[in-house]
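Asker: The structure follows.
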Amino acid sequence: MDIQISANFKKQVRRTLLSIVIFIVVYILLFLSSIALVALSIYAGVAVMKMKFGLMTLAIGLALIGTSLTVLYFMIKFIFAKKSEDFSDQIEVTESDQPELFELIRSIATEVGTQFPKHVYLTPFVNASVFYDSTFWSMIFPTRKNLQIGIGLINSLTQQELKAILAHEFGHFAQRSMKVGSYVYIVNKVLFNLLYNDMTLEKMQNRIGSTSWLLSFAMTLSGIFIDGIQSILRRLYNFININYMSLSREMEFHADAIATHVAGSEAMRNGLLRLSFADYAFQETIRYYQQISDQNIVPQNFFAAHAATLILLSERHNLNLVHNFPQLTLANKTRFDKSKLIIEDLWASHPTEEARTSAIDALNIHVDQVSNNPANDLLRLDENLANRVFQILFAESQYQGPTYQQEVTDFVTAYKQEFERYQIPKIYNEFYNYHQPYISKFTADAFQGELLPLDVLFSDEHVNLTFEIQALTQDKYYLEAVYRGEIKLRRFDYDGVRYKNKQVNKVVQQINAELKEKRAYLEDLNRKIFQTFYQMAKTTGKEFLLREAYNVFAMYEEEFEKRMKFYYALKEDTQFIFQQTEFPLIISNLQKLKPSIQKLKVELKDFLEIKAYRDSLTTESFDDLTNFLANENEIFAGNTYNDEAITQLFIGIGEYWNALNITHVDSKVHLLRLQEEIYDEFKSAKKVN
Numbered sequence: 012m013d014i015q016i017s018a019n020f021k022k023q024v025r026r027t028l029l030s031i032v033i034f035i036v037v038y039i040l041l042f043l044s045s046i047a048l049v050a051l052s053i054y055a056g057v058a059v060m061k062m063k064f065g066l067m068t069l070a071i072g073l074a075l076i077g078t079s080l081t082v083l084y085f086m087i088k089f090i091f092a093k094k095s096e097d098f099s100d101q102i103e104v105t106e107s108d109q110p111e112l113f114e115l116i117r118s119i120a121t122e123v124g125t126q127f128p129k130h131v132y133l134t135p136f137v138n139a140s141v142f143y144d145s146t147f148w149s150m151i152f153p154t155r156k157n158l159q160i161g162i163g164l165i166n167s168l169t170q171q172e173l174k175a176i177l178a179h180e181f182g183h184f185a186q187r188s189m190k191v192g193s194y195v196y197i198v199n200k201v202l203f204n205l206l207y208n209d210m211t212l213e214k215m216q217n218r219i220g221s222t223s224w225l226l227s228f229a230m231t232l233s234g235i236f237i238d239g240i241q242s243i244l245r246r247l248y249n250f251i252n253i254n255y256m257s258l259s260r261e262m263e264f265h266a267d268a269i270a271t272h273v274a275g276s277e278a279m280r281n282g283l284l285r286l287s288f289a290d291y292a293f294q295e296t297i298r299y300y301q302q303i304s305d306q307n308i309v310p311q312n313f314f315a316a317h318a319a320t321l322i323l324l325s326e327r328h329n330l331n332l333v334h335n336f337p338q339l340t341l342a343n344k345t346r347f348d349k350s351k352l353i354i355e356d357l358w359a360s361h362p363t364e365e366a367r368t369s370a371i372d373a374l375n376i377h378v379d380q381v382s383n384n385p386a387n388d389l390l391r392l393d394e395n396l397a398n399r400v401f402q403i404l405f406a407e408s409q410y411q412g413p414t415y416q417q418e419v420t421d422f423v424t425a426y427k428q429e430f431e432r433y434q435i436p437k438i439y440n441e442f443y444n445y446h447q448p449y450i451s452k453f454t455a456d457a458f459q460g461e462l463l464p465l466d467v468l469f470s471d472e473h474v475n476l477t478f479e480i481q482a483l484t485q486d487k488y489y490l491e492a493v494y495r496g497e498i499k500l501r502r503f504d505y506d507g508v509r510y511k512n513k514q515v516n517k518v519v520q521q522i523n524a525e526l527k528e529k530r531a532y533l534e535d536l537n538r539k540i541f542q543t544f545y546q547m548a549k550t551t552g553k554e555f556l557l558r559e560a561y562n563v564f565a566m567y568e569e570e571f572e573k574r575m576k577f578y579y580a581l582k583e584d585t586q587f588i589f590q591q592t593e594f595p596l597i598i599s600n601l602q603k604l605k606p607s608i609q610k611l612k613v614e615l616k617d618f619l620e621i622k623a624y625r626d627s628l629t630t631e632s633f634d635d636l637t638n639f640l641a642n643e644n645e646i647f648a649g650n651t652y653n654d655e656a657i658t659q660l661f662i663g664i665g666e667y668w669n670a671l672n673i674t675h676v677d678s679k680v681h682l683l684r685l686q687e688e689i690y691d692e693f694k695s696a697k698k699v700n
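In this note's numbering, the protein residues as written are 12 to 700.
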């Protein structure tokens, strides 16, 4: 299949190759400079020792030579790095294992006009990819590519959609520019070792530097040289990878075009848009089973549970099912995204879904022979493969004793109960997804007011307003980080206008003014909502219950902000545990931390008195938490950290986060369900629709 390569594609290939050549030239110059530094330091060291031979001149001479040799070792240390790539989550399969799947793969390879994969691997996940066995020799001699297919992906698509996604991967097989990716991969391995893999070098410098002040000075001096080299290499890393990411985006468009010609625009678009939602369902299924691992419950069939989760989440998000799979559109996926901030992401390896689907639809390819049967009909998931998948997915789960296999019907019942526990009633039209039913103080007129229809209070316009406030808040936080210099940005678009970096504060002020206006409107709307439900409650005798529910939620809302500040401060104050810190500073930090740990324990004990939080704890979580509360072990004893005490501390911090969110959400859902109950009783009594 011959799909025309765009001029921009060719341009990005040239730019990426040029950036690799520049890296090689710069590296050679730096390497030659380090050799020259060694020669110069040997000459200077010998000259110093000849001036007046003695212990001091000998030490100075050796220190000079040691400085340059350390720099030279830094430049070549990547050669000695051990190759450590983890393929433990891949399961190689053959045609005899999976004949139906291989038949599909072979037909796609033939139609695209490219080689059959060297190896085919299955993984449990929702993905598919092409990769080389990237070695030095693969940069010189042709090598066949490998295909990786996620069973979670197969489980989420029709056969036609799977054909489209795999044809996209075979589009990469057909791209000679994939070889450029192999070059970039090797260069990145070298750069990563030079920039970030410094543990061996640091240990060597510390060991040598600890022997004398002179050698310590030499190691410090070598560190200055190395820092200078790394600053150059860091710029090269950015230069190479920004160019390669531009090429990668062009490669994705080209592979999409190939896949669309093979499987049609509809299958390619539907499959592409479903991937992130299918992965969401996949992660939810894993989370559910990890959460109940202390009960020794495992899935009878994980992928049947994943398929069930996909349907349950589709119902929850009001998505249409076609061929028993959720149909997602760009409108579905961007409904909550009201951001006005547009930033070109130079580091994105893929174009946006909007750009990709637009290009796919523009091709407008229709195919006659389409199979909408589930793609998992092509997969032979025997007991051996199922066991391998289970071991990969739940390797970190600890089961005490024999496990119990949960049938899919039992999973569906339990999962429904779990997410319905905190589900907001549909009468609110998603108004409270991001908005809180908060009233800071009740005034006298709050108990009067007009009884307004719910379709007015929770109209699409009001719902969109809550999404707009959420987006404005996120845009504000991002631009404030730009203003503080935490995010580097040359220019950006906001609300259709192009701005330079120095104008960021002007846009933040504009956002603040808009937020103030919209929040004031919602505060007034909150009062009208309360007035409406209060008038209904008076007819059912539940007005005091309603007011109490509002007061309880207001208390949790106000406490939530304060406690979140404490949580983030605690996270910040414990970072020193993971850093190389001098002994006196460790003791000082621990003294400052002690009052916070005591406060954490007091508040966690209070949370345990709250039924909603207590009921959410698994047996294992409850035991871990009570151990932390009862344990007075020192985090640092003698001259070393107590790993058990540190583990318990971070369990406590994690449970504090859980408790904050559970109690906050529980009080919110309780209030909203009470209002729904009041509305139903009022409607029943008054026969009002």
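Even for Gly, the Cβ is constructed at its ideal location relative to N, Cα and C.
Looking at R327 and the ligand SAH, is the gap between the Cβ and the nearest heavy atom below 6 Å?
Answerer: In the structure shown, the ligand SAH is absent, as is every other ligand, since no ligand is present at all.
Asker: According to the Cβ coordinates, are S256 and Q186 closer than 7 Å?
Answerer: Correcting the residue identity first, residue 256 is Met in this sequence and not Ser. Contact flag unset, no.
Asker: Per the DSSP calculation, F503 is bridged to which residue(s)?
Answerer: Looking at the DSSP assignment, F503 forms a beta bridge with Y510.
Asker: Relative to the alpha-carbon of I253, which residue among Q686, W358 and D108 has its alpha-carbon at the smallest distance?
Answerer: Measuring from the Cα of I253, the nearest candidate turns out to be W358.
Asker: Which term fits R367, buried or exposed, when burial requires 16 or more other beta carbons within 10 angstroms of its beta carbon?
Answerer: Buried is the call here.
Asker: Roughly how many angstroms lie between the CA atoms of E568 and E441, to the nearest whole one?
Answerer: Going from the Cα of E568 to the Cα of E441 covers about 19 Å.
Asker: From the DSSP output, in three-state form, read off L352 for me.
Answerer: If DSSP states are grouped into helix, strand and coil, L352 belongs with the strands.
Asker: So, with DSSP's three-state summary, where would you put S408?
Answerer: Of the three classes helix, strand and coil, the one that applies to S408 here is coil, per DSSP.
Asker: Rounded to the nearest angstrom, how far is the Cβ of E461 from that of Q542, given a contact under 8 Å?
Answerer: The pair is a contact, with the Cβ atoms about 7 Å apart (cut-off 8 Å).
Asker: Under a Cβ-count criterion, where at least 16 other Cβ atoms within 10 Å of its own Cβ denotes burial, should G649 be classed as buried or exposed?
Answerer: By the 10 Å Cβ count, G649 comes out exposed.
Asker: If we count the other Cβ atoms within 10 Å of its Cβ and call it buried at 16 or more, is H446 buried or exposed?
Answerer: Flag for H446 reads buried.
Asker: Please state whether DSSP places N700 in a helix, a strand or coil.
Answerer: Any reading at N700 must be qualified, since the residue scores a pLDDT of 49, below 50, and its modelled position is unreliable; the value itself is stated next. DSSP places N700 in coil when its eight states are reduced to three.
Asker: Is it buried or exposed for H317, if we count other Cβ within 10 angstroms and need 16 for buried?
Answerer: Buried, since its Cβ has 16 or more Cβ neighbours within 10 Å.
Asker: According to DSSP, is S140 helix, strand or coil?
Answerer: DSSP places S140 in strand when its eight states are reduced to three.
Asker: Buried or exposed for S30, please, with buried defined as at least 16 other CB atoms from any protein chain shown within 10 angstroms of its CB.
Answerer: Buried.
Asker: Please report the distance separating the alpha-carbon of V680 from that of Y433.
Answerer: Spanning the two alpha carbons is a distance of roughly 6 Å.
Asker: Specify the secondary structure class of V104 as computed by DSSP and reduced to three states.
Answerer: Of the three classes helix, strand and coil, the one that applies to V104 here is strand, per DSSP.
Asker: Pick from S188, G161, Q459 and I498: whose alpha carbon is nearest that of H176?
Answerer: The question names His, yet the displayed sequence has Ile at residue 176. Measuring from the Cα of I176, the nearest candidate turns out to be G161.
Asker: How many angstroms separate the CA atom of L683 from the CA atom of I16?
Answerer: Distance between the alpha carbons of L683 and I16: 56 Å.
Asker: Per the contact definition of three or more C-beta pairs closer than 8 Å, is the segment 635-649 in contact with the segment 380-395?
Answerer: Taking 8 Å as the limit for Cβ pairs, the verdict is that the segment 635-649 does not touch the segment 380-395.
Asker: From this set, T78, S369 and L463, which residue's C-alpha is nearest N281's C-alpha?
Answerer: Among T78, S369 and L463, the Cα nearest to that of N281 is on S369.
Asker: With a cut-off of 8 Å, do at least 3 Cβ pairs link the segment 231-247 to the segment 272-292?
Answerer: No, the segment 231-247 is not in contact with the segment 272-292.
Asker: As a quick exercise: from V378, T68 and A670, pick the residue whose alpha carbon is nearest that of E172.
Answerer: Of V378, T68 and A670, the residue nearest in Cα terms is V378.
Asker: With distances taken between CB atoms, is the gap from S52 to L75 smaller than 7 Å?
Answerer: Result yes, Cβ atoms of S52 and L75 sit closer than 7 Å.
Asker: Measuring alpha carbon to alpha carbon, tell me which of P135, Q481, M575 and P337 ends up nearest T169.
Answerer: Comparing Cα positions, the closest option is P337.
Asker: Between the segment 308-322 and the segment 290-297, do three or more beta carbon pairs fall short of 8 Å?
Answerer: Judged by Cβ distances under 8 Å, the segment 308-322 makes contact with the segment 290-297, as three or more pairs qualify.
Asker: Let me know if N387 comes out buried or exposed under the rule of 16 or more other beta-carbons within 10 Å of its beta-carbon.
Answerer: Buried, because 16 or more other Cβ atoms sit within 10 Å of the Cβ of N387.
Asker: Taking I46 as part of the alpha helix (DSSP H), name the residues at either end of that continuous run.
Answerer: Note, I46: alpha helix (DSSP H), A18 to M62.
Asker: Among Q459, D506, L500 and P464, which has the Cα closest to the Cα of A482?
Answerer: For A482, the nearest C-alpha among the options comes from D506.
Asker: Please classify V333: does DSSP put it in a helix, a strand, or coil?
Answerer: If DSSP states are grouped into helix, strand and coil, V333 belongs with the strands.
Asker: Do F555 and Q686 have their CB atoms nearer than 7 Å?
Answerer: The answer is no: Cβ separation not under 7 Å.
Asker: Which runs of the alpha helix (DSSP H) fall wholly inside the segment 244-286 and span at least 4 residues, in chain order?
Answerer: Within the segment 244-286, no complete alpha helix (DSSP H) run reaches 4 residues.
Asker: I need the DSSP call for V381, collapsed to helix, strand or coil.
Answerer: It is coil, neither helix nor strand.
Asker: Could you check what DSSP says for P110 in three-state terms: helix, strand or coil?
Answerer: Correct three-state label for P110: helix.
Asker: Can the beta-carbon of K344 be found closer than 7 Å to that of E479?
Answerer: Contact: no.
Asker: For Y439, is the classification buried or exposed, using 16 other Cβ atoms within 10 angstroms of its Cβ as the cut-off for buried?
Answerer: The residue in question, Y439, is buried, as its Cβ has 16 or more Cβ neighbours within 10 Å.
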